[in-house]
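Residues in the sequence shown are numbered from 5 upward in steps of one, following the working numbering. Remarks on the structure that follows.
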Amino acid sequence: MDPKSDPARRCMPLAEWPALDIRAWAMAVTGSGVLDGGGLAAHWKPNSRRAVINGYGRYLTFLDRQGWLDQEAGPDQRLCDGWLRLYIDELQKTVAPITAAGRIRNLVEALRVMVPGKDYPSLRRARQRLKSRARPIRNKKARMVPAEDLFVLGLRLMDEADTQPFPRQVWRSCTYRDGLCIVILACRGIRRANLAGMRLGQHLVKSGDQFMISFDESETKNHDPYQTTLDSCLSPLIERYLEIYQPILLNGHDNDHVWISSRGIPMSPESLYGKVVKHTKEAFGHALSPHLFRDAIVTSLGEKNPEHAWLSMYILHHQTPRTARKNYDHAKEFHAVNDFQATVLAMRQAAIKRPRREPLRRP
């Protein structure tokens, strides 16, 4: 069965939750006065809220399918060790290990903010065990592409838009737009939601002969403001898109979003994701998501300039270099293999140059 059609994997929407659960969630995300601070999830960003809603909704779906979803009960009565054990068993059979760990993490967060002060030790232990055992089932290293190859792909798409015949001008404009998007991703590895939400004059600003990209603390994952300058060599490419191709895509509509779809409306993060996946699969034989561009940047920097690998924290907007080394740097194995091969080669060459012993002569 297609996973998207599997009723067991459905995440019950917030509107379908029992009344007491809806009320508890509303209190958790509602802000209040300056002194009391409001609900525990009042400061969460939309993506965080959406993930936790889906995680809790997935658990409610499980209870409903088993006949255990009491419409009169509240979230503080939704969990017992037996139910949790069966739910985790089902998750482990239907989703990847990291996804299962994420579902339990989001269930923990939902109950933490909806039932403040109540402790669920079994749930916390399950979260830690699943987190420690979770391993990706896809080999990211096997799909890795050098950042410079991704950059060249973007330039090639823009060149095709400028030089090749297209049946429709809007298709030409989409090709140039996709190429520019890939180039910026290959240079800065901006997160998909931030990239898709860029607006002219707010997130993309011309300063002198360079363009600047900036997001305030409310728009970034780590709640720190982000600001970076793009190399001046990209300025003519960006200006060409804004002056020639973006107006074709807008088709008379007034919009300040940077990335415009063929229908004249802002591209969604999902649409942008699909375009990047499509072009990288055609170019390299396997798809790279926008998030894998971050891996490519860190890995390429570690392979070509390992002494400057610490700079990745500024490129990817991390607070410490450890995050990039742990999650994105795949160059460690590359250097280990190269060092081993160099050692073996040196030993082999030394053995070849060593003078041979003359054979013993019998008297």
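Glycine included, each C-beta is placed from N, C-alpha and C at the ideal position. Bear in mind that the values here come from a model prediction, so they are computed numbers and not experimental data.
Taking all protein chains shown into account, do 16 or more other C-beta atoms lie within 10 angstroms of the C-beta of residue i, making it buried, or fewer, making it exposed?
i	result
residue 35	exposed
residue 30	exposed
residue 294	buried
residue 178	buried
residue 181	buried
residue 258	exposed
residue 267	exposed
residue 16	buried
residue 284	buried
residue 82	buried
residue 368	This structure does not reach residue 368, given that the chain is present from 5 up to 367, and the question cannot be answered.
residue 263	buried
residue 93	exposed
residue 270	buried
residue 129	exposed
For residue i and residue j, which I take to be in contact (beta-carbon distance under 8 angstroms), what is that distance rounded to the nearest angstrom?
i	j	result
residue 69	residue 12	7 angstroms
residue 196	residue 276	6 angstroms
residue 186	residue 208	No, residue 186 and residue 208 are not in contact; Cβ-Cβ is about 16 angstroms, not under 8 angstroms.
residue 109	residue 65	Incorrect: roughly 17 angstroms between the Cβ atoms, too far for contact.
residue 114	residue 60	4 angstroms
residue 190	residue 158	6 angstroms
residue 79	residue 25	5 angstroms
residue 32	residue 19	Rounded, the Cβ-Cβ distance is 16 angstroms, inconsistent with contact.
residue 149	residue 300	6 angstroms
residue 219	residue 230	5 angstroms
Determine the DSSP secondary structure at residue i, reduced to helix, strand or coil.
i	result
residue 293	coil
residue 232	strand
residue 53	helix
residue 386	The structure shown has nothing for residue 386, since the chain only spans 5 to 367.
residue 338	Its pLDDT being 48, under 50, residue 338 is placed unreliably by the model, and the measurement read from it follows with that caveat. Helix.
residue 67	helix
residue 83	coil
residue 14	coil
residue 300	helix
residue 44	coil
residue 203	strand
residue 29	helix
residue 76	coil
residue 97	helix
residue 186	helix
residue 59	helix
residue 195	coil
Please report the residue range of the beta strand (DSSP E) in which residue i lies.
i	result
residue 217	214 to 219
residue 208	208 to 211
How is the alpha helix (DSSP H) around residue i delimited, first residue to last?
i	result
residue 35	Unbroken run through residue 35: none, as it is neither H nor E.
residue 106	101 to 118
residue 132	125 to 137
residue 240	239 to 244
residue 226	Segment: none, residue 226 is in no alpha helix (DSSP H) and carries neither H nor E.
residue 162	151 to 167
Please tell me whether, using a cut-off of 7 angstroms, the distance from the CB of residue i to the nearest non-hydrogen atom of the ligand SAM is below it.
i	result
residue 133	Among the components modelled here there is no ligand, and therefore nothing to report on the ligand SAM.
Counting only runs of 3+ residues fully inside the stretch 248 to 290, write out the beta strand (DSSP E) ranges in chain order. Counting only runs of 3 or more, we get nothing.
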